[in-house]
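Written below as structure tokens is the structure these notes are about.
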Amino acid sequence: MKSYAKTILLKNNPGLIAEYMMYHDDIWPEVVKSFRAVGVVDIRIWIIGRQLFMVMDTKDNFDPNRDMERYLQLNPKNREWEEKMKTYQEPITDYEHWAELELIFKLSDHAPDRY
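The sequence shown lines up with residues 449 to 563 when you count with the numbering used here.
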């Protein structure tokens with residue numbers, strides 16, 4: 449399994465933040481089905497203030513460039529969902545929407561046989 453960690457800001461508006469969270473409480477079934485179809489196993493999103501932190505776990509053969517494009521093409525509702533979510537978000541960088549985080553520590557690399 450592969451994991452990807454990303455971050456983004458939400459617009460500085462408590463009402464919009466609450467609305468964004470409500471959308472995720474009732475995510476469109478087409479979006480869930482399409483994520484699964486391209487190899488996404490799970491997505492978890494945390495929030496502090498207006499900053500989001502997302503971890504996306506995927507199958508080993510998942511390629512983000514290829515498979516996120518496939519996800520968008522599987523169902524018109526997917527592109528609609530992504531465009532709707534962008535109305536709530538503020539990218540942190542000028543060159544990527546969700547900024548990818550670099551993994552700098554993994555406990556199991558230092559003590560793989562201890563729990």
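Idealized CB from N, CA, C, for every residue including glycine. As the structure is a prediction and not an experimental result, all values here were calculated from the model.
Residues Lys525 and Trp529 of the same chain have their beta carbon placed closer than 6 Å to that of Trp476, with the five preceding and five following residues left out of the count. Using a 10 angstroms sphere on the CB of Met469, the tally of other CB atoms stays under 16, which defines it as exposed. For Ala466, the enclosing alpha helix (DSSP H) stretches over residues Pro462 to Asp473.
Taking each of Lys532, Asp542 and Gly487 in turn and checking the Cα distance to Tyr519, the smallest one comes out for Gly487.
Cα atoms of Gly497 and Ser451: separation of roughly 24 Å, rounded to the nearest angstrom. Cβ atoms of Leu457 and Glu538 come within 8 Å of each other, at about 4 Å. The straight-line gap separating the alpha-carbon atoms of Phe501 and Trp494 is approximately 5 Å.
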